[in-house]
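Residue numbers (the numbering used here): 587 to 717.
Quick reminder that beta carbons are idealized off the backbone N, C-alpha and C, glycines included.
None of these values were measured; they are calculated from a predicted model.
Please read the structure below before turning to the comments.
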Amino acid sequence: MIRAAMIASLVLIVGTSIPGAYALDGNAARGQQLWRKCVSCHTLEAGGRHRAGPNLHGIFGRTAGTAPNYKYSEALRNSGLVWTDETLNAFLADTESFVPGTKMYGGLSQAKDRADLLAFLHEATTDRKRP
Numbered sequence: 587m588i589r590a591a592m593i594a595s596l597v598l599i600v601g602t603s604i605p606g607a608y609a610l611d612g613n614a615a616r617g618q619q620l621w622r623k624c625v626s627c628h629t630l631e632a633g634g635r636h637r638a639g640p641n642l643h644g645i646f647g648r649t650a651g652t653a654p655n656y657k658y659s660e661a662l663r664n665s666g667l668v669w670t671d672e673t674l675n676a677f678l679a680d681t682e683s684f685v686p687g688t689k690m691y692g693g694l695s696q697a698k699d700r701a702d703l704l705a706f707l708h709e710a711t712t713d714r715k716r717p
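What follows is the structure, given as structure tokens:
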């Protein structure tokens, strides 16, 4: 319960650093360029294979740690997070602090970079386009 409250507070604190709606403010074309940092560990296509990290197709609205056939860290499996623009933004800002014990490392320190990457991920991992 306390952990969930701490995560919710962090989402609010980190989330307020990007004005407006995260992915809606992002530049998907620039996000595609930023994706190059992620492609060695993740795939995007429906039914794509896992690499060092899980396939990200359908990530928005999915509970963290639940993609089939991928061995997640216990920390991520037990986090209770649902991937939204806000939670992904906070996670990518500082993965190790947001979910201590996660296997993922890195992320993007710049808010604009995260907004651009999220815009790209919306287009690349969903069957519907952003509103």
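C-beta atoms of G644 and R663 nearer than 8 Å: With a cutoff of 8 Å on beta-carbon distance, G644 and R663 are scored as not near each other.
Distance CB(H628)-CB(Y656) smaller than 8 Å: No. Outside cutoff.
Short Cβ contact (8 Å threshold) for A705 with G647: Not a contact, by the Cβ cut-off of 8 Å.
Alpha carbon of L667 to alpha carbon of D680, nearest angstrom: Between L667 and D680, the C-alpha separation is close to 15 Å.
Outcome for G692 when other beta-carbon atoms lying within 10 angstroms are tallied against a minimum of 16: By the neighbour-count criterion, in which 16 or more other beta carbons inside 10 Å mark a residue as buried, G692 falls on the exposed side.
A705, enclosing alpha helix (DSSP H) - first and last residue: First-last of the alpha helix (DSSP H) with A705: A697 to T711.
Assigned exposure category for K701 - 16 Cβ within 10 Å defines buried: The amino acid occupying residue 701 in the given sequence is Ala; Lys does not appear at that position. Within a 10 Å sphere around the beta-carbon of A701 sit 16 or more other beta-carbons, which makes this residue buried.
Segments assigned alpha helix (DSSP H), at least 4 residues, entirely inside the segment 636-665: Under the rule that a run must span 4 or more residues, the alpha helix (DSSP H) segments found entirely inside the segment 636-665 read 660-663.
Nearest to A638 (by Cα), restricted to the options Q619, S665 and K689: Among Q619, S665 and K689, the Cα nearest to that of A638 belongs to K689.
Element boundaries [alpha helix (DSSP H), containing T673]: In this chain, the alpha helix (DSSP H) harbouring T673 covers D671 to A679.
Bounding residues of the alpha helix (DSSP H) (the contiguous stretch that carries A615): Boundaries of the alpha helix (DSSP H) harbouring A615: A614 to L620, taken from the DSSP string.
Nearest-angstrom Cβ-Cβ length linking L694 and L703, presumed shorter than 8 Å: Between the beta-carbon of L694 and that of L703 there is about 6 Å, and that keeps the pair under the 8 Å contact cut.
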